[in-house]
Ligand code: GAR
C-alpha cells in the first residue's frame, strides 16, 4: 500500500476527493496515513478526523522563525514515512530539504492549465481572478510533480474547463474543482500507487499497465 501524506491549508475538498476515491475503489493500493495543515482552523482537519485519519497542525505561528517551522514540518512528514506527499491546496512554500529528500514523491494540484496563471502569487482564488481578467476562454487544472521551482515540475495530468459568460472567480473555482481537480487528483494517486507513472527528461507519462513499483 502506498503511504500517502496530504498537506492542506483550507477546506480540503481535494482531500475529500481522495478519501472518496479510496472508499469507492477509484484509488487502489493507497491509504492516507496523515493529514498535515499549517492552519489550525482548516476544515480539512475536520474531514481527516471524521474519516479516522491522523491530522496534525504545524503552524508557522507556533515557531520562532521560518527555519524552525520548516524543521517541524519536515519532521511531521518523516514520522509518517510517506511514499507520496500530496499538496492539496497547501499554501506554504515547501522547504528545499523536503524537495531534495522526496524527489519525484511530491505532487501538487494547481487550478489552471500550467504554464498559464501559475508561479509566485498565483494560488487559490487569485488563479481564477487572473484567468477571468485575461479573458481566456479555457482554463483547467494540472497535477504535477514538485521541484525547486514554483509550479515548474513535470506535469502528470491536465484537464481543460470552459469559462462561461458571467463567471465570477467563485463560480469558476467551483467548476474547475468539479470538472477537473476532483477527478484528476484521485487519478494521479491511483496511477502512482499502481506503478503506472514514468518520468524521463522532465516529462511524465502515465502507462496503461504497471511497469514496476513506484515512480521511475
Ligand atoms: C484548490 O483549488 C487547489 O487547486 C488550490 O487551492 C484550492 C484548495 O481547495 N491550490 C493552489 O492554488 C496551489 N497553488 P481545497 O482545500 O478545497 O482542496
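In my numbering, the protein residues as written are 223 to 438. Positions of the beta carbon are idealized from the N, C-alpha and C atoms, including for glycine.
Kindly indicate which three-state DSSP category residue 235 falls into: helix, strand or coil?
Residue 235 falls in the helix class under three-state DSSP.
Would you please state the rounded distance, in angstroms, between the beta carbons of residue 331 and residue 403? I believe it to be under 8 angstroms.
Their Cβ separation, rounded to whole angstroms, is 6 angstroms, which keeps residue 331 and residue 403 in contact under 8 angstroms.
Near residue 228, which residues of its chain fall below 6 angstroms by C-beta distance, leaving aside the five closest residues on each side in sequence?
Answer for residue 228: 237, 254, 257, 308, 310, listed in chain order.
Could you check whether the Cβ of residue 230 sits closer than 7 angstroms to any heavy atom belonging to ligand 1?
Yes, since a heavy atom of ligand 1 falls inside the 7 angstroms radius drawn around the Cβ of residue 230.
Can you determine whether any heavy atom of ligand 1 sits closer than 7 angstroms to the C-beta of residue 266, and answer yes or no?
Indeed, a heavy atom of ligand 1 lies less than 7 angstroms from the Cβ.
Report all residues from its chain with a CB closer than 8 angstroms to the CB of residue 231; omit the five preceding and five following residues, and keep chain order.
Correct list, in chain order: 259, 260, 261, 264, 266, 311, 312, 313, 314.
Any heavy atom of ligand 1 closer than 7 angstroms to the CB of residue 349?
Yes, the beta carbon of residue 349 sits closer than 7 angstroms to at least one heavy atom of ligand 1.
Please say whether residue 302 and residue 225 have beta carbons closer to each other than 8 angstroms?
Yes.
Is residue 333 near ligand 3 - that is, is its Cβ less than 7 angstroms away from at least one heavy atom of it?
Within the structure as shown, ligand 3 is missing, the only ligands being ligand 1.
Return the CA-CA distance between residue 348 and residue 340, expressed in angstroms with no decimal places.
Roughly 10 angstroms separates the two Cα atoms.
Is it buried or exposed for residue 362, if we count other Cβ within 10 angstroms and need 16 for buried?
Per the 10 Å Cβ criterion, buried.
Check residue 417 in the structure and name its three-state DSSP category.
Looking at residue 417 - three-state DSSP - the assignment turns out to be coil, as it is neither helix nor strand.
Does the Cβ of residue 277 lie closer than 7 angstroms to at least one heavy atom of ligand 1?
Checking the Cβ of residue 277 against ligand 1 gives no.
Can you say whether residue 337 is buried or exposed, counting buried as having 16 or more other CB atoms within 10 angstroms of its CB?
That one is exposed.
Using DSSP with H/G/I as helix, E/B as strand and the rest coil, what is residue 321?
Residue 321: helix per DSSP, three-state reduction.
Cα-Cα, which of 384, 304, 354, 372 is closest to residue 327?
Comparing Cα positions, the closest option is 304.
Can we count residue 235 as close to ligand 1, meaning its CB is less than 7 angstroms from some heavy atom?
Yes - ligand 1 has a heavy atom lying nearer than 7 angstroms to the Cβ of residue 235.
Sorry if obvious, but does the Cβ on residue 290 come closer than 7 angstroms to a heavy atom of ligand 1?
It does not: the Cβ of residue 290 is nowhere closer than 7 angstroms to a heavy atom of ligand 1.
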